[in-house]
Amino acid sequence: KIATGNVGSYLVWQVVQLGRSPEWIRRLRAEQAGEDSPGVPDLTLRVIKETLRLEQSEYLYRRIRKDFTAAGYLFPKGWILRICVRESHRLPEVFDNPGSFDPDRFAGREFSSSEYSPFGFLRHACLGVPTTHMIGGWMIHHIVAGHDWVVVRDGHPVREFRHWKHWRPSPEIVVEFRPVSSAPDA
-12 KIATGNVGSY LVWQVVQLGR SPEWIRRLRA EQAGEDSPGV PDLTLRVIKE
38 TLRLEQSEYL YRRIRKDFTA AGYLFPKGWI LRICVRESHR LPEVFDNPGS
88 FDPDRFAGRE FSSSEYSPFG FLRHACLGVP TTHMIGGWMI HHIVAGHDWV
138 VVRDGHPVRE FRHWKHWRPS PEIVVEFRPV SSAPDA
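Quick note: the sequence shown uses the working numbering, first residue -12, plus one each step.
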């Protein structure tokens, strides 16, 4: 149930982010027109990564196994530590213009797990990375091929009060879809 909710929410975020920035829809469509290799195309993967960076990262909780000090603060054994992954994906010293949707930030750059970790990291990382990439790529491929869309009413993200829940698009968001064949020339 949690995985279904997470992937479903991610797919809605993907539509919302692309609908806020229709130039990326056009770029994805151009990439598809020249696609001649199997797998997830490069721009598609960058869109997936950028959507995850902005909208699908959550908090990680870890129980402290031994006392340690960081930045002058003592973290005692037994305490629960919350790692704010979503906030770390918005650090300007790591991501230029961190609040903007820019899949090209992943072009030619690999971020370390301490900089970018939407699925967690090390032995606690989510096993759903390939599945999420596959489903996200499949949706991008099929929806971009036949539709244009734009967010016509936006809203603030919402989050249920549970540590495993992701931020979700506002129920106030309205997206307008139209078939590509009836889209006005850009």
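Cβ coordinates follow ideal geometry from the N, Cα and C atoms, glycine included.
This structure is a prediction, so every number in the text was calculated from the model and none was measured.
1. Below 8 Å on the Cβ atoms is my guess for Tyr(-3) versus Gln43; work out the distance and round it to an integer in Å.
2. Compare the beta carbon distance of Arg146 and Arg155 with 9 Å and say whether it is the shorter of the two.
3. Ile70 lies in the beta strand (DSSP E); which residues open and close that run?
4. For His134, name the three-state secondary structure that DSSP assigns.
5. 9 Å is my cut-off, CB to CB: does Arg69 come that close to chain B?
6. Does Thr119 pass the burial test, meaning 16 or more other C-beta atoms within 10 Å, or should it be called exposed?
7. CB-CB under 8 Å to Ile70, same chain, minus the five flanking residues each way: which ones, in chain order?
8. How far does the beta strand (DSSP E) with Ala57 in it reach, from first residue to last?
9. Can you tell me whether Phe82 is buried or exposed, with buried defined as 16 or more other CB within 10 angstroms of its CB?
10. Alpha carbon to alpha carbon, how far is Phe62 from Asn84? Give it in angstroms, no decimals.
Quick answer:
1. Contact flag correct, Cβ pair sits at about 5 Å.
2. In terms of Cβ geometry, Arg146 and Arg155 form a close pair [threshold 9 Å].
3. Where Ile70 is concerned, the enclosing beta strand (DSSP E) stretches over 67 to 71.
4. Three-state result, His134: strand.
5. The structure shown contains no chain B; it is built from a single protein chain.
6. By the neighbour-count criterion, in which 16 or more other beta carbons inside 10 Å mark a residue as buried, Thr119 falls on the buried side.
7. If we look at Ile70 and ignore the five residues flanking it on each side, its Cβ neighbours are Tyr46, Leu47, Tyr48, Arg49.
8. Start and end: 55 to 57.
9. By the beta-carbon neighbour count (other beta carbons within 10 angstroms, threshold 16), Phe82 is buried.
10. Taking the straight line joining both Cα atoms gives about 32 Å.
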